[in-house]
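Numbering (this note's numbering), first residue to last: 202 to 452.
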């Protein structure tokens, strides 16, 4: 994703001629309306954020090291590390793997135990099937840390131009317009504080405030993400405005 900004123009900064001659009370009313409108917009915490460089290190897995022990040593959540590195099964890591550990500035030595206590078995939460695939195609960009150190908040799915883009789950259309860096974009608000993002559409086919059901066609796939490359949909799953790895939620 590229940088994006949302600009809200307060009512009170419109042309002075619009408010010339009105009473002080009316001016105060306009200022209050402007403030509430801005607050309402920014309270919608499902708007995607621009990418930023993530502080962290790559830890090379050593002999006898487990995912749980590595995360405990760095004092980071197993689930966050698993999603950032697309680790769905803790037993899949092997010696030599480089695992990105967020929030730290230097590598740490891991104390290895011959056998971990049974209560320390790692459970990586997955909700596969909670959301449906928004489009049929090939994944060409994955969630996680990129080579430049920025975090990619979703996945890109390549498909023919104009392919139908479907709602991954039922919900309310919270945003359906254009956004700098995202082109035509749709954001759907779901229950349990989830939201899904569909960016770089050729055409948006739904309006803000409308309700859509899972599998409903909401847009046509476009290529504004990279006009030189083949068309693709940028798709995100968020909860409490924090991007989650879509592959932990899709079938």
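Backbone N, C-alpha and C fix where the C-beta goes; we use that ideal spot for every residue, glycine too.
The three-state reading of DSSP puts residue 421 in strand, counting E and B together. When Cβ pairs closer than 8 Å are counted between the two stretches, the stretch 379-389 is seen not to touch the stretch 345-364, the count staying below three. Scanning its chain for C-beta atoms nearer than 7 Å, with the 5 sequence neighbours on each side dropped, one finds around residue 277 the residues 302, 303, 304, in chain order.
By the Cβ-count criterion, residue 409 is exposed, with fewer than 16 other Cβ atoms from all chains shown falling within 10 Å of its own Cβ.
In this structure residue 422 touches residue 402 by the C-beta definition: roughly 7 Å separates them, less than 8 Å. Annotation for residue 275: the continuous alpha helix (DSSP H) segment containing it runs 268-275. About 5 Å separates the CB atoms of residue 414 and residue 371; that is less than 8 Å, so the two are in contact.
Taking residue 425 as reference, the option from 383, 405, 447 with the minimal CA-CA separation is 383. Among the bridge pairs identified by DSSP, residue 377 is matched with 387. When beta bridges are read from the DSSP output, residue 352 appears opposite 346. If you compare the alpha carbons of 355, 340, 338 with that of residue 346, the shortest gap goes to 355. When DSSP reads this structure, residue 283 sits in no beta bridge, so it has no partner.
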